[in-house]
Amino acid sequence: MPARARLLYVTDLAYPARGRRYGDEDIVLTSRLRAEFDIALCHPLDAAALMDRFDAVVVRNSGPVLHHQEAYEAFRERATALGTRVYNPLTGRADMVGKQYLLDLTGAGYPVIPTVDRPEDLRRLPESGSYAVKPRAGADSLGLRFSTGPELAGLTWGDVLVQPRVDFRYEVSFYYVDDTFQYALYAPDPDRRWVLEPYEASGADLAFARRFIDWNTLDHGIQRVDACRTRSGDLLLVELEDLNPYLSLDRVPERVRDAFVTAMTRSLHDFLGAAGG
């Protein structure tokens with residue numbers, strides 16, 4: 001019998017996420033993955049010291065790296081130096097490396113909430129009664145604030161992004177393993193982001209989400225495409241989460257949850273095989 005792969009599963013089981021239970025989700029996932037892999041859980045602050053004892057590191061609900069930025073950078077550097085297999089791979093172009101992708105996608109004409117980072121570019125934004133100002137390295141709405149147009153005149157630029165505040169009907173998220181769509185969930189009430197319900201994605205919805213999955217070019221891993229439905233019916237990208245997307249598995253039917261675990265297990269086997277080839 002071939003040896004089972006050893007996975008270091010990175011999670012912050014005690015992180016107080018608003019409206020989400022990180023620990024519950026990762027306990028469920030690891031209990032299922034143990035059927036195929038030998039797994040040890042660790043806090044993100046311990047990952048760099050432990051990673052060389054495992055065949056791969058799986059980064060899951062580890063919380064915003066803003067809370068441990070130096071440790072995260074040290075983890076990335078050590079993983080790169082050791083050639084450690086990290087899932088998701090560290091080649092992601094989206095939230096894994098900050099919010100620059102919102103500027104890149106805006107400039108490339110993708111359907112994203114228009115985003116600028118210089119005062120001279122404010123004219124490129126549609127006129128709005130309110131603007132969202134968010135840190136370039138923000139996560140989990142940390143540091144987010146809203147300003148009027150006149151108030152932006154006194155804004156200190158450099159480490160912030162500015163977007164028009166979009167009046168949307170609801171937010172919807174599309175969940176992928178590798179490049180394969182798994183399920184979608186939406187928040188009918190805009191004021192209750194994490195009160196999610198199953199969403200029946202249309203062909204147009206999936207075509208929208210797939211553009212961002214293709215753009216990110218990750219061969220393996222889990223991604224979540226977050227979008228908002230505007231009053232006019234269009235979808236606009238809010239966030240492309242490719243580092244540690246929460247999956248809201250408690251909000252999907254059991255058969256969907258089972259299918260996701262199967263897809264993730266297959267993806268991990270493929271990832272380990274490809275990395276070892």
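Under full-length UniProt numbering, think of the first position of the sequence shown as 1, with each following residue one higher.
Even glycine gets a Cβ: it sits at the ideal position worked out from N, Cα and C.
These numbers were taken from a predicted model, which means no experiment stands behind them.
Ranked by how close their Cα comes to the Cα of ASP167, the residues GLU120, THR262 and PRO190 have PRO190 in first place.
DSSP places ASP38 in the strand class (E or B) of the three-state scheme.
Every beta strand (DSSP E) stretch that sits fully inside the stretch 231–267 and reaches 3 residues is listed by chain position as 235–241. One alpha carbon belongs to VAL58, the other to PRO114, and they sit about 32 Å apart. At least 7 Å separates the beta-carbon of THR265 from that of GLU73.
In the structure shown, ARG32 adopts helical secondary structure according to DSSP, grouped into three states. Look at PRO119 here: in three-state DSSP terms it is helix. Here the C-alpha atom of TYR22 lies approximately 31 Å from the C-alpha atom of TYR110.
Sorting PRO44, MET51, ALA14 and GLY19 by C-alpha distance to the C-alpha of ARG6 places MET51 at the top.
Collapsing the DSSP output to three states places ASP226 in a strand. Here VAL112 is near LEU105, since their CB atoms are less than 7 Å apart.
Straight through space, the alpha carbons of ALA71 and TYR183 are spaced by roughly 33 Å. Around the beta carbon of ALA3, fewer than 16 other beta carbons lie within 10 angstroms, which makes this residue exposed. VAL86 and THR262 have their C-alpha atoms some 19 Å from each other. Between the alpha carbons of ARG136 and LEU218 lies a gap of roughly 22 Å. Taking the C-beta atoms as reference points, ARG224 is found no nearer than 7 Å to PRO198. According to DSSP, THR180 shares a beta bridge with VAL177.
Restricting attention to GLY83, SER173, LEU240 and ALA49, the CA atom closest to the CA of PHE212 is found in LEU240. Here the C-alpha atom of ALA49 lies approximately 32 Å from the C-alpha atom of ASP250. A direct Cα-Cα distance of roughly 32 Å separates LEU237 from ARG32. Short of 8 Å from the beta carbon of PHE181, and not among the five residues preceding or following it, lie these beta carbons of its own chain, in chain order: PHE174, TYR175, ALA201, LEU206, ALA209 and ARG210.
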